[in-house]
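**Q** Residue numbers (this note's numbering), protein chains in the order written: chain A, 353 to 1356; chain B, 2 to 444.
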Amino acid sequence: MPAVSKGDGMRGLAVFISDIRNCKSKEAEIKRINKELANIRSKFKGDKALDGYSKKKYVCKLLFIFLLGHDIDFGHMEAVNLLSSNKYTEKQIGYLFISVLVNSNSDLISLINNAIKNDLSSRNPTFMNLALHCIANVGSREMAEAFAAEVPRILVAGDTMDSVKQSAALCLLRLNRTSPDLVLMGEWTARVVHLLNDQHLGVVTAATSLITTLAQKSPEDFKTSVSLAVARLSRIVSSASTDLQDYTYYFVAAPWLSVKLLRLLQCYPPPEDGAIRGRLTECLETILNKAQEPPKSKKVQHSNAKNAVLFEAISLIIHHDSEPTLLVRACNQLGQFLQHRETNLRYLALESMCTLASSEFSHEAVKTHIETVINALKSERDVSVRQRAVDLLYAMCDRSNAKQIVAEMLSYLETADYSIREEIVLKVAILAEKYAVDYTWYVDTILNLIRFAGDYVSDEVWYRVIQIVINRDEVQGYAAKTVFEALQAPACHENLVKVGGYILGEFGNLIAGDSRSSPLIQFDLLHSKFHLCSVPTRALLLSAYIKFINLFPEVKGTIQEVLRSDSQLRNADVELQQRAVEYLRLSSIASTDILATVLEEMPPFPERESSILAKLKRKKGPGNLHPDLDENRKERSANGGTADHSSTTSNAKSSPLSFVGDLLAPASTAPPTNRPRPVSSSYLLQAPLTPIPPQASAVPVLLSAGPLFQVAASPTPSTDLLGLGSTITTQNSAPPASKGTSLLVDVFSENIAAFPVETPVAVGPVADENFSRFVCKNNGVLYENQLLQIGLKSEFRQNLGRMYVFFGNKTSTQFMNFAASVVCQDTLQAQLNVHAKPADPTVDGGAQLQQILNIECMSDFVDAPVLNIQFRYGGTLQNVAVKLPITLNKFFQPTEMTSQDFFQRWKQLGAPQQEVQKIFKAKHSMDTEVTKAKIMGFGAALLDGVDPNPSNFVGAGVIHTKTTQVGCLLRLEPNTQAQMYRLTLRTSRDTVSQRLCDLLSEQF
Amino acid sequence: MIGGLFIYNHKGEVLISRVYRDDIGRNAVDAFRVNVIHARQQVRSPVTNIARTSFFHVKRSNIWLAAVTKQNVNAAMVFEFLYKMCDVMAAYFGKVSEENIKNNFVLIYELLDEILDFGYPQNSETGALKTFITQQGIKGQTKEEQSQITSQVTGQIGWRREGIKYRRNELFLDVLESVNLLMSPQGQVLSAHVSGRVVMKSYLSGMPECKFGMNDKIVIDKAGKGGVTDEVGKSDLGGGGSTSGKQSIAIDDCTFNQCVRLSKFDSERSISFIPPDGEYELMRYRTTKDIILPFRVIPLVREVGRTKLEVKVVIKSNFKPSLLAQKIEVRIPTPLNTSGVQVICMKGKAKYKASENAIVWKIKRMAGMKESQISAEIELLPTNDKKKWARPPISMNFEVPFAPSGLKVRYLKVFESKLNYSDHDVVKWVRYIGRSGIYETRC
């Protein structure tokens, strides 16, 4: 009955399918399928063996039923039987069924694998192809295990047919994707590379895909592919369109292969061999030239294929970033696309230009298109294209065009889509700050920003404007005036009220001279907004009022009236009520002198990396930014701040304790010492930016204690509005009453008792597991066990440093006889002076004790001092020894210098003993931002644009010791492919070079 | 309030679309089609909520009727209306089919205009509707006729017009019951209930007042205590075939046609009414106690190895030997991997229906107190699925000439004071039919 002539007819199948198609309802379809299944079951069960044709037909029907969405739980055996047939059609159906329905079924898998093995070794190309396709389609782990060794062998065997090679390459690619660990590199890899030279373009195309993937996995093994790929590419590019008959697609020669080759080349840096490099450049030029030629066909396929090659070529040019002419040409080409009527092309052009803008060679060229891009922003219909236009504007912005771009973005903001508003706001804020020459312009821009898109202005943005206004004396008056005018609008955004409240509270006096903005008018204006605002804003406004009392004694009565009103004094919100009560008492009890001190103008904020930038990055993609980085920066900046303060001890304004005066940033409101609040050190150190619901125990200031302020500031995260968090617990540092109103604790004055250097009790092993984490940062938890947690906060300036050590008692019982001492071993004693102030001998359960260490670096050193801690807990004596993270790099002072200076000095430090180089494997992921942060945390100034290769990092700084100053230059060259770093340090002192190199290399 | 009403064919094409309220847009039509008719999974719930819009649907053969609303309506009211709509259509043009709907779409729109007004259901009594919505085209109606229609439709008795005359006053009463059962393999009743209907066809002259009596437990008990009612037994029209000699039944709940005076039922529990002309459903009820199960199914399933299954099913009839059950059909489900079936039965015909995955055994007639059996050998194909067969229950269909609930009609009296015919002149016919609902035995 089965005749060859019957061939693939399978009438039964056709009838069955047409029956199903004709079914009027789902029920009818199910009935028909049930009937057919029963029929197939009885056929399979039947005693007489089925011939190949019927088997194929029934397996086909089962497949069809399965594809309709019904479960098939039999017929697998018959399908496997089909695999051993000699007819192509039967084998094909068998493989089809297996690929669609196979699951890791133990008893059948071995049979299937066996059949595949037979086919692979059959030398019949069609059968081999079928088997390879099946392996690739299933692509399961079992398949990979069975054939990962076999497939490469077929791929590189000399006598394999072209079509089989093609399939084998793709099959291997698939196996490499599903289970890369099973595809092992071997001697075949070298031969795979040579497939790029194959006569058959299909094989080359398949092999290129495979090599691209494998090259990403192990770049070294496939390095040779670069020259071959370039050669192949140049042959394609230079061929006449008729040469590659089957592979010419709408007059474009082998577009897919070209694209793949270009992509492969993007895995590697520009070829070093001049000839190859020249050839590649030639190819790229030809591709760019071709784009200029008139199209050979009007068909969209022609232009699509051509543009695909072009865009890939451009991304290769951008990747290499080494040929200025090419970059500029690419940029011009993209410029043409910017006005193309194809939306997709415009999108791609904008996207590629974004990357071009970051290259130094093409930045200027990109800037010429500014008008077009601005136009795109206004007229594009597709929001995703507009988004790209915004990105490009952001990328191409520099000092020369900042004003124009910011103005355009601002005007676009009014009509922008809601989805991208927040991002635009952030970008405008960053650009305005980054390129502000004139800070009045900056203030205007941000105020406009708040006016146009107040809802999208995140806290970071207005924190930032306040920081900048406070830090620049010249804009304060202008800011106060502008804010005052802006607030006169009948409806203003709450963010504007916040900014207004803060700035008027600080600098209202600067405009009080004008009768139109007299103190009372200012106050009335602010208070008119008061009732429309949320609780945090009201809290801020209350602080502004108390500042007013200090600035303008004449409005004191009015403000006290407001504070005294029931709506404040008995407000349901604890925070507001407490502020009202305290401010009222403060204003009525304290003398003007005290008021003036307490309500001192805010000290300048430490210069810090913009938190807005971090936010933008976070928004762009949470994956590409290391979370540590953000924190790192924050901590670093906080330190920088405190370091600033401690440096000028005589100035009240910059003492760390003058934060008490900063009532606007209530982080520093003070609980009295006689009621210490347990605060874990980690909590103290984390300086949160996000508001947490206010805590009731936050702020009682006991003014009745007389002129003596016993101050232990503790951050209340809820109100830490500016995220400064640089507050200090000084429970033991209450100055003697005789000091009167002096709130200062002069840390360097003589009341520091030099800590008696006693011989320490023999202690256990010195803990240093957290030591290396502190090399690049100054704050954090140093040590922790069940009983004790040790937190650190430190600041360094030149050759001096101060370290706050927080001992947190994690238990509920008191530590008795608590003593902590610092020991400098042997030579270190002469190199480093560490003085510890005596601390309380007891630590209450859950409480925290602070000890201050003053450090002075005499000369460069290698070892680290050890902190010995002794205490009695529940009768037993506990000993803890911790290595203190005081390292040489802490005394780094960053130095900015130009590229020229840098290289000059670099050459001067050329003596062999001055240079230390180390090549090491990356321990963490190689994120540029993280690396930057680490180098900055290390203390050196990060010099941008000094090294010709932008992926390298270059830093410079000076190590201060009491005796000498040591200049340091460093250079870090990451190799992302190999996951390796090369670190070179040149300093004027060999010991310093060695020590710094050791320290820094541990960090990556 | 119903916002709109759509009728679809089996393919989901809209046959009738009538929107009553503005809150229902045209896209509602498509939403129902996409989410219910063409849904990947079969939608079994009659109420579907799509985008804050509720769709209530019923299906008659291949026709979908869907009522749409955005408001919080009484779902029972909507379904009552949909069923009524089906009845009305059936009364006008027979079977509700695509063909008939297409042929009568003008009539259907006319009906929809009449029985639903701004989404509020109106008089949907077929008898009344037929007086003013006719298929004969515009027929010149006299002023008198018109005023008569108006007074009838707006009057107190909207379901019957005056001046009906018959030469022979006849009355047909059918008690139609369906019995539902779920039984364990050991013969224990897991759940059972009977839902019944009393359907009447009356051809009576004038405006007669009727009174209907049955063996409702409350009435009988009251009568028994009081000992006054002389009607008991006297005008018993009964033809019941119950083997048990019990006198009364407990009705769990019941609903009545609008013609029944509910106040009288509430106070005296007597059912009195002025009947509509023609066919109508007088009442519906449900009982759950003391149900006579007409058949007992005894299954025996034995698995012989992995590839064979032996099934033996015995059915026993459990009613008076003089009565005959009809249209008996037993459906024995077979496993999904059945590859062949051999059946032997003593009575009737049995066949393996692959398309339904079941053995269907049909017996035309069977007298009471008999038993019959079937045995089957099922061959199975070994599969790689380790799933065990779920053993769905054996279901059964039949028709018996008595009421399984035990309900008996005690009397049906007709009073017509104005015309000179009395209760004795009316010819009355009573019939009991018990059918199977979901009658299943687990195996």
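All residues carry an ideal CB built from backbone N, CA and C; glycine is no exception.
Keep in mind that this is a model prediction, so the values were computed, not measured.
Where S437 (chain B) and K60 (chain B) are concerned, what is the direct C-alpha to C-alpha distance, given to the nearest angstrom?
**A** So the alpha carbons of these two residues sit roughly 21 Å apart.
**Q** Would you give the residue range spanned by the alpha helix (DSSP H) that W390 (chain B) belongs to?
**A** W390 (chain B) -> no alpha helix (DSSP H), and no H or E assigned at all.
**Q** Using only the alpha-carbon positions, how far apart do Q1141 (chain A) and M954 (chain A) sit?
**A** Whole-angstrom Cα-Cα distance: 33 Å.
**Q** Is any beta-carbon of chain A found at less than 8 Å from that of N338 (chain B)?
**A** Yes, because at least one Cβ of chain A sits closer than 8 Å to the Cβ of N338 (chain B).
**Q** Is there at least one Cβ from chain A nearer than 8 Å to S264 (chain B)'s Cβ?
**A** Cβ-Cβ to chain A under 8 Å: no for S264 (chain B).
**Q** Just checking: is the beta-carbon of Q374 (chain B) within a distance shorter than 8 Å of some beta-carbon in chain E?
**A** Note that chain E does not occur in the displayed structure, where the protein chains are A and B.
**Q** Bridge partners of T797 (chain A), per DSSP?
**A** Partner(s): none; T797 (chain A) has no beta bridge.
**Q** Is the CB of I64 (chain B) under 8 Å away from at least one CB in chain A?
**A** So no, I64 (chain B) is outside the interface.
**Q** Which value, in whole angstroms, describes the spacing of the CA atoms of P295 (chain B) and L414 (chain A)?
**A** Whole-angstrom Cα-Cα distance: 43 Å.
**Q** Determine, using beta carbons only, whether S610 (chain A) comes closer than 8 Å to chain B.
**A** No, its Cβ sits nowhere closer than 8 Å to a Cβ of chain B.
**Q** Counting pairs of Cβ atoms below 8 Å between the segment 361-373 of chain A and the segment 406-422 of chain A, do you hit three or more?
**A** Because the criterion of three Cβ pairs below 8 Å is met, the segment 361-373 of chain A and the segment 406-422 of chain A touch.
**Q** Identify every residue that forms a DSSP beta bridge with H1312 (chain A).
**A** A:Q1317.
**Q** Consult DSSP for S1002 (chain A) and reduce its assignment to one of helix, strand or coil.
**A** Bear in mind that a pLDDT of 36 at S1002 (chain A), under 50, signals an unreliable position, so the model cannot answer this.
**Q** Would you kindly work out how many angstroms separate the C-alpha atoms of Q840 (chain A) and H883 (chain A), rounded to a whole number?
**A** So the two alpha carbons sit approximately 16 Å from each other.
**Q** Could you name the residues of the same chain whose beta carbon sits closer than 7 Å to that of E1433 (chain A), not counting the 5 residues immediately before and after it, in chain order?
**A** No information on residue 1433 (chain A) is available, as it lies outside the stretch 353 to 1356 that chain A covers here.
**Q** Count the other CB atoms within 10 Å of the CB of W362 (chain B); is the residue buried (16 or more) or exposed (fewer)?
**A** It is buried - the Cβ of W362 (chain B) has at least 16 other Cβ atoms within 10 Å.
**Q** Nearer than 7 Å: is that true of the beta carbon of M284 (chain B) relative to any heavy atom of the ligand ATP?
**A** No copy of the ligand ATP occurs in the structure displayed, which carries no ligand at all.
**Q** Measure the alpha-carbon distance for T288 (chain B) versus I219 (chain B) and round it to whole angstroms.
**A** Spanning the two alpha carbons is a distance of roughly 14 Å.
**Q** Assign A520 (chain A) to buried or exposed, taking buried as 16 or more other Cβ atoms, counted over all protein chains shown, within 10 Å of its Cβ.
**A** Buried, because 16 or more other Cβ atoms sit within 10 Å of the Cβ of A520 (chain A).
**Q** Less than 8 Å between the C-beta atoms of F403 (chain B) and F320 (chain B), yes or no?
**A** Against a cut-off of 8 Å, the Cβ pair of F320 (chain B) and F403 (chain B) comes out as a contact.
**Q** Can you grab the Cα-Cα spacing for the pair V718 (chain A) / L482 (chain A), in whole Å?
**A** One C-alpha to the other measures close to 51 Å.
**Q** Quick check: is the beta carbon of S98 (chain B) nearer than 8 Å to any beta carbon in chain A?
**A** No - not a single Cβ of chain A is within 8 Å of the one on S98 (chain B).
**Q** Contact criterion: CB-CB distance below 8 Å. Does D425 (chain A) meet it with respect to chain B?
**A** Chain B contact via Cβ: present.
**Q** Checking 8 Å against the spacing of the C-beta atoms, do D514 (chain A) and H552 (chain A) come in under that value?
**A** Yes, Cβ-Cβ distance for D514 (chain A) and H552 (chain A) is below 8 Å.
**Q** Report the option in B:S340, B:I292 and B:L382 whose CA atom is closest to the CA atom of P405 (chain B).
**A** It is B:I292.
**Q** Are the C-beta atoms of N1327 (chain A) and some chain B residue less than 8 Å apart?
**A** Answer no: the Cβ-Cβ gap between N1327 (chain A) and chain B never drops below 8 Å.
**Q** With 16 as the cutoff for other CB atoms within 10 Å, does M86 (chain B) come out buried or exposed?
**A** Flag for M86 (chain B) reads buried.
**Q** Closer than 7 Å, Cβ to Cβ, to anything on chain A: give me those residues from the segment 31-57 of chain B, in chain order.
**A** Per Cβ criterion, the list reads Q43.
**Q** Please report how far the alpha carbon of A391 (chain B) lies from the alpha carbon of P336 (chain B), in whole angstroms.
**A** Spanning the two alpha carbons is a distance of roughly 8 Å.
**Q** Short of 7 Å in beta carbon distance, which residues of its chain neighbour K648 (chain A), apart from the five on each side in sequence? Order them along the chain.
**A** Only F603 and H654 meet the Cβ criterion.
**Q** Return the CA-CA distance between K328 (chain B) and L484 (chain A), expressed in angstroms with no decimal places.
**A** Cα-Cα distance, rounded: 60 Å.
**Q** Which complete beta strand (DSSP E) runs does the segment 1115-1150 of chain A hold, if anything under 3 residues is left out?
**A** 1132-1136 and 1140-1149, all fully within the segment 1115-1150 of chain A.
**Q** Taking L799 (chain A) as the reference, which of A:S752, A:V851 and A:D811 has the closest Cα?
**A** Nearest option by C-alpha distance: A:V851.
**Q** Taking only three categories from DSSP, how would you classify L1184 (chain A)?
**A** DSSP places L1184 (chain A) in strand when its eight states are reduced to three.
**Q** For the 8 Å Cβ check, are there 3 or more pairs between the segment 827-835 of chain A and the segment 862-881 of chain A?
**A** Verdict: yes, contact present.
**Q** Note down, in chain order, all residues in the segment 394-425 of chain A with a beta-carbon under 9 Å from any beta-carbon belonging to chain B.
**A** Within the segment 394-425 of chain A, the qualifying residues are S394, K395, F396, K397, G398, G421, D423 and D425.
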